Amino acid sequence: MSTSVTYRHLEARPASLYRQLFIKGTRIRAELIYWAHINAEEPRTAQELAADYDLPLDAVLEAIEYCKSNPPEIAADIAREEAIMAATGQSDLDYKHHPHRKPLTPEEWARLLS
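The following block contains the structure:
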């Protein structure tokens, strides 16, 4: 995890499977704020996001800057989500029409979540 920078409005959530930072005191991942900000179809300004999520503007700006820095923990979170989707069949082409996840063994879950 990125530890060289101290954040005023962001924190880790040790009980979460996500390793990226969250807005302090919330369950809102910084990545969610960033993706809403850069959304190609309907990008949101920092001011709009602060109002939408009832957050201080400084917290939204800090989340955006954190994500712009390309922290390795976000890449790891995305890779883990993609691996889980592949292992459970959620990335199969027919999953949309037949949404049944493949059950995983405890060993498979342990490998994916490590």
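Residue numbers for the sequence shown follow my numbering, so the first one is 2 and each next one is one higher.
Note that beta-carbon positions come from the ideal geometry of N, C-alpha and C, so glycine has one too.
These figures come from a predicted structure and were not determined experimentally.
The DSSP assignment places 58-69 as complete runs of the alpha helix (DSSP H) inside the region 56-82, in order along the chain (cut-off: 4 residues). Judged by DSSP in its simplified three-state form, GLU12 adopts strand.
In this structure, TYR19 is the residue among HIS98, THR7, TYR19 with its C-alpha nearest to the C-alpha of ALA80. Nearest C-alpha to PRO104 among ILE85, ASP95, SER115, LYS97: ILE85. With a beta-carbon spacing of about 6 Å, ALA64 and TYR35 fall inside the 8 Å limit used to define contacts.
The Cβ neighbour count for ALA60, taken over all protein chains shown within 10 Å, is at least 16; the residue is labelled buried. Counting only residues of its own chain and dropping the five nearest sequence neighbours on each side, CYS68 has a CB closer than 7 Å to the CB of ALA31, GLU32, TYR35, ILE75.
LEU58 is positioned such that its CB atom lies no closer than 9 Å to that of THR27.
By the Cβ neighbour-count rule, LEU11 is buried, with 16 or more other Cβ atoms within 10 Å of its own.
Residue pairing by DSSP leaves ARG20 without any beta bridge partner.
Looking at HIS98, ARG14, ARG102, the one whose alpha-carbon comes closest to that of GLN91 is ARG102.
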